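If you count the sequence shown from 1, position 84 lands on 83 in numbering that gives the first Met the number 0, and the numbers rise without skipping.
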Amino acid sequence: MEIIKDLGIITIVGGLIAFIIRSFIGKYFDQKAKNFELELSNKSDLYKSELEKQSQKYKSDLDIHLTKVSRFHEKRLETISDLYKLIVDVRINLGNLTSTLGMSTGDQQKDAELKEQRKTDAGKSYDEFRDYYDKKRIFIPENTCKLIDKLKSESFSVLSDYHFKERHYGNEDTLFSREILKEMNEKTRETIPSILKELESDFRKTVDVENGKQIS
């Protein structure tokens, strides 16, 4: 009986010890789990904070970039608009310069004054166009620049031919002077308007692209 009693006590004590050990281990691992969860939460918050900072920086950089791009596009459209006006002035004044050669009002002094005015207008409009284009060509698409360079070259050729004819032949009517006049008229009536037509189409495409329209 004593042995049974002792065994019962030992069993109770053993069970108690096992319970205490299990409780201790359970609490230990519960604490470990809580600590791990807390660590994960802290790391997650830190990551979110860093991600938010990176996102804000990216957004700020993107806003700056878009602002720069927008200003460049605005400048490009402004340049195209101003340049087109100058080109039209050149075409009109070169046309006036060449189409009235050989024509007279019957008043020599008036004819001379009108002739000088046409020369002044043509030279001035060409100079304004050339100077503006040379300073602003960075805003013009490369393919468009090729057309403008061609127009610039043909316009200068008309002015050069005019001054050559006037310097060497004046109002003298010779076969060669008529050939020069014919070439100038062809350039002002056909070549330059043809280039200008291409240029207008190119300008429209550029303006449509800048405004976000779809080009078919």
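For glycine and all other residues, C-beta sits at the position ideal for the given N, C-alpha and C. Since the model is a prediction, treat every value here as computed from it, not as a measurement.
So, residue i versus residue j, is the Cβ gap smaller than 8 Å?
| i | j | result |
| --- | --- | --- |
| residue 147 | residue 164 | no |
| residue 78 | residue 135 | yes |
| residue 182 | residue 201 | no |
| residue 186 | residue 153 | yes |
| residue 86 | residue 149 | no |
| residue 206 | residue 82 | no |
Buried or exposed for residue i, please, with buried defined as at least 16 other CB atoms from any protein chain shown within 10 angstroms of its CB.
| i | result |
| --- | --- |
| residue 48 | exposed |
| residue 137 | exposed |
| residue 93 | buried |
| residue 155 | exposed |
| residue 121 | buried |
| residue 216 | Because residue 216 is not part of the residues shown, which for the chain are 0 to 215, the question remains open. |
| residue 71 | exposed |
Taking just the CA atoms, how far does residue j sit from residue i?
| i | j | result |
| --- | --- | --- |
| residue 107 | residue 114 | 10 Å |
| residue 167 | residue 105 | 24 Å |
| residue 216 | residue 116 | The chain is shown only over 0 to 215; residue 216 falls outside these bounds and no answer can be derived. |
| residue 215 | residue 204 | Low confidence applies to residue 215: its pLDDT is 38, below 50, so where it sits in the model is not reliable, and the reading given next is rough at best. Approximately 10 Å between the Cα atoms of the pair. |
| residue 39 | residue 33 | 10 Å |
| residue 143 | residue 55 | 39 Å |
| residue 199 | residue 123 | 22 Å |
| residue 188 | residue 91 | 10 Å |
| residue 162 | residue 139 | 31 Å |
| residue 145 | residue 80 | 18 Å |
| residue 213 | residue 196 | The predicted position of residue 213 is uncertain, since its pLDDT is 41 and thus under 50; a value taken from the coordinates is nonetheless stated next. Taking the straight line joining both Cα atoms gives about 21 Å. |
| residue 69 | residue 127 | 27 Å |
| residue 58 | residue 191 | 48 Å |
| residue 112 | residue 95 | 14 Å |
| residue 50 | residue 129 | 52 Å |
| residue 44 | residue 30 | 21 Å |
| residue 53 | residue 41 | 18 Å |
| residue 46 | residue 74 | 42 Å |
Can you tell me the Cβ-Cβ gap for residue i and residue j, rounded? I've got them flagged as a contact below 8 Å.
| i | j | result |
| --- | --- | --- |
| residue 125 | residue 89 | 5 Å |
| residue 97 | residue 184 | 5 Å |
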